[in-house]
Amino acid sequence: MSDSDKTTIKLRAHPDKAKGVVAQSNLTEEQERALELVNKKARLEEESRKSLEYVKTIEQLRESLKQEQAKTDELAKKAAGLEANLKELAELEAKVKKVAELEAKVNELTEVIDKISGIAATGKSG
139 MSDSDKTTIK LRAHPDKAKG VVAQSNLTEE QERALELVNK KARLEEESRK
189 SLEYVKTIEQ LRESLKQEQA KTDELAKKAA GLEANLKELA ELEAKVKKVA
239 ELEAKVNELT EVIDKISGIA ATGKSG
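Numbers 139 to 264, taken from my numbering, label the letters of the sequence shown in order.
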């Protein structure tokens with residue numbers, strides 16, 4: 139026997155079966171990719187839904203902020219009006235106090251005039 143007779147060649151008994159296994163594993167990879175795509179699409183849809191909810195919430199918050207700012211502006215105007223009224227009342231109070239002081243002075247001077255008149259009347263008669 140020669141060396142060439144001792145050489146063995148390995149052949150697959152079913153070469154198509156090996157291709158089928160490769161195709162099946164490729165199909166599984168394709169299915170995995172499809173599943174990944176489906177999952178990614180579901181996540182994107184969920185994120186999109188959440189984003190829309192956030193946008194709605196932001197719009198509601200902006201509207202609430204506008205309303206609160208309007209209320210704050212209205213309260214600031216009322217406060218300014220009340221401060222003006224308070225200042226006016228303080229001025230009126232000062233005037234009332236001044237009038238009371240002047241009335242007290244008039245009463246005092248009236249008493250003095252009455253005394254002087256009484257003294258003058260007594261001096262004329264006497």
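Beta carbons: idealized from backbone N, C-alpha and C, even for Gly.
### Rounded C-alpha distance that separates Glu246 from Leu230
What you label residue 246 is simply residue 108 of the sequence shown in a count that begins at 1. What you label residue 230 is simply residue 92 of the sequence shown in a count that begins at 1. So the alpha carbons of these two residues sit roughly 24 Å apart.
### Task
Quick one: grab the DSSP three-state call for Val160.
Counted from its first residue, the sequence shown places residue 160 at position 22. Residue placement at Val160 is poorly supported in this model, since its pLDDT is 47, which falls under 50; the coordinates still yield a value, given next. Reduced to three states, the DSSP call for Val160 is helix.
#### Entry: Nearest-angstrom Cα separation, counted from Val237 out to Val250
By 1-based counting over the sequence shown, the position of residue 250 is 112. By 1-based counting over the sequence shown, the position of residue 237 is 99. Going from the Cα of Val250 to the Cα of Val237 covers about 20 Å.
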